[in-house]
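Protein chains in written order, with the working numbering: chain E, 11 to 121; chain R, 482 to 592.
Notes follow once the structure below has been shown.
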Amino acid sequence: SQTIHQWPATLVQPVGSPLSLECTVEGTSNPNLYWYRQAAGRGLQLLFYSVGIGQISSEVPQNLSASRPQDRQFILSSKKLLLSDSGFYLCAWTRDNYEQYFGPGTRLTVT
Amino acid sequence: QKEVEQDPGPLSVPEGAIVSLNCTYSNSAFQYFMWYRQYSRKGPELLMYTYSSGNKEDGRFTAQVDKSSKYISLFIRDSQPSDSATYLCAKGKTSGSRLTFGEGTQLTVNP
């Protein structure tokens, strides 16, 4: 069966510091991968999606970036965090079907 | 106008009540529809998906789609306190493509 992991689970970072969040999927190959951000009490905002290694599409202009160095690994990064980057970051995957499955999320607080 | 509009809630019901959660969408290109359940501080969990008009039942849950009026609903029968969560509707256009989410309805089932 497929499993999706995210780490860290919780992160507190000062403004201006760098960020690296990691997502890995097990049990499948060549998945489509997604990064979402969820502000408190709000819906999901798609940030990036990837259909293959090195292929990244950005949905929202911001100071975040994404990379996919391996087939089942998706990384969200920032060089300098802003207060507005605080939120709940979710990674998701899908393959040749309709269902999209989410990881447990990373709660980021920028202070 | 947002592509997906969801009843904002919050919704509070007594245990055993029938719950109706609703979404409307504006883009007729959407082909398939999903409901996710999200417990506090957790990733969304796929509850049901469908890609045709009509009803789809799974235990106490029924998803209803009316493509002519661009309206989808999730019914929960015999609601339980464990159903207390935020429910997100989502729509997609093609298999493996990005999803568009509603902002979620927070449900509380009181014992």
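Note that CB positions come from ideal geometry on N, CA and C, so glycine has one too.
Please read all numbers here as calculations on a predicted model, not as lab measurements.
CB contact flag (residue i, residue j, <8 Å)
{"i": "Y552 (chain R)", "j": "Y530 (chain R)", "result": "no"}
{"i": "Y108 (chain E)", "j": "A102 (chain E)", "result": "no"}
{"i": "V120 (chain E)", "j": "L74 (chain E)", "result": "no"}
{"i": "L118 (chain E)", "j": "L21 (chain E)", "result": "yes"}
{"i": "G53 (chain E)", "j": "L502 (chain R)", "result": "no"}
{"i": "G573 (chain R)", "j": "F511 (chain R)", "result": "yes"}
{"i": "Q12 (chain E)", "j": "E32 (chain E)", "result": "no"}
{"i": "S60 (chain E)", "j": "A76 (chain E)", "result": "yes"}
{"i": "L492 (chain R)", "j": "L555 (chain R)", "result": "no"}
{"i": "I63 (chain E)", "j": "D81 (chain E)", "result": "yes"}
Given residue i as reference, the closest of the options once Cα atoms are compared
{"i": "D564 (chain R)", "options": "R:Q545, R:R579 and R:V590", "result": "R:V590"}
{"i": "S68 (chain E)", "options": "E:F58, E:Q23 and E:I14", "result": "E:F58"}
{"i": "N40 (chain E)", "options": "E:S88, E:W17 and E:R78", "result": "E:R78"}
{"i": "R579 (chain R)", "options": "E:A19, E:G51, E:Q55 and E:I63", "result": "E:Q55"}
{"i": "F542 (chain R)", "options": "R:L528, R:C504, R:A566 and R:Q519", "result": "R:L528"}
{"i": "G497 (chain R)", "options": "R:P592, R:Y520, R:W516 and R:S560", "result": "R:S560"}
{"i": "W45 (chain E)", "options": "E:Q16, E:S94, E:Q80 and E:P24", "result": "E:Q16"}
{"i": "Y506 (chain R)", "options": "R:V546, R:T586, R:V494 and R:P592", "result": "R:V546"}
{"i": "V70 (chain E)", "options": "E:L100, E:F84, E:Q83 and E:R47", "result": "E:R47"}
{"i": "S550 (chain R)", "options": "R:P489, R:N508 and R:A544", "result": "R:N508"}
Exposure label - residue i; buried when at least 16 CB within 10 Å
{"i": "K90 (chain E)", "result": "exposed"}
{"i": "R558 (chain R)", "result": "exposed"}
{"i": "I14 (chain E)", "result": "buried"}
{"i": "R522 (chain R)", "result": "exposed"}
For residue i: DSSP bridge partner residues
{"i": "N536 (chain R)", "result": "R:Q545"}
{"i": "N73 (chain E)", "result": "According to DSSP, which records beta bridges pairwise, N73 (chain E) is partnered with nothing at all."}
{"i": "Q80 (chain E)", "result": "E:Q83"}
{"i": "L580 (chain R)", "result": "R:G573"}
{"i": "G62 (chain E)", "result": "E:Q65"}
{"i": "N40 (chain E)", "result": "In the DSSP output, where bridge partners are listed per residue, N40 (chain E) has none listed."}
{"i": "P589 (chain R)", "result": "Checking the displayed sequence, the identity of residue 589 (chain R) turns out to be Thr instead of Pro. R:S493."}
{"i": "G97 (chain E)", "result": "E:L118"}
Rounded straight-line distance, which links the Cα of residue j to that of residue i
{"i": "L43 (chain E)", "j": "T104 (chain E)", "result": "7 Å"}
{"i": "G34 (chain E)", "j": "P525 (chain R)", "result": "Gly is not the amino acid found at residue 34 (chain E); the sequence shown has Thr there. Each residue's Cα considered, the two are about 17 Å apart."}
{"i": "S96 (chain E)", "j": "K537 (chain R)", "result": "37 Å"}
{"i": "Y532 (chain R)", "j": "E484 (chain R)", "result": "17 Å"}
{"i": "D539 (chain R)", "j": "A571 (chain R)", "result": "18 Å"}
{"i": "G26 (chain E)", "j": "T116 (chain E)", "result": "19 Å"}
{"i": "T567 (chain R)", "j": "Q23 (chain E)", "result": "27 Å"}
{"i": "Y517 (chain R)", "j": "P495 (chain R)", "result": "21 Å"}
Proximity test, residue i beta-carbon vs the ligand NAD heavy atom, cut-off 7 Å
{"i": "S11 (chain E)", "result": "The ligand NAD is absent from the structure shown, which contains no ligand whatsoever."}
Original post:
Along the stretch 108-119 of chain E, what residues have a CB closer than 9 Å to any CB found in chain B?
Top reply: No chain B appears in the structure shown, which is made up of the protein chains E and R.
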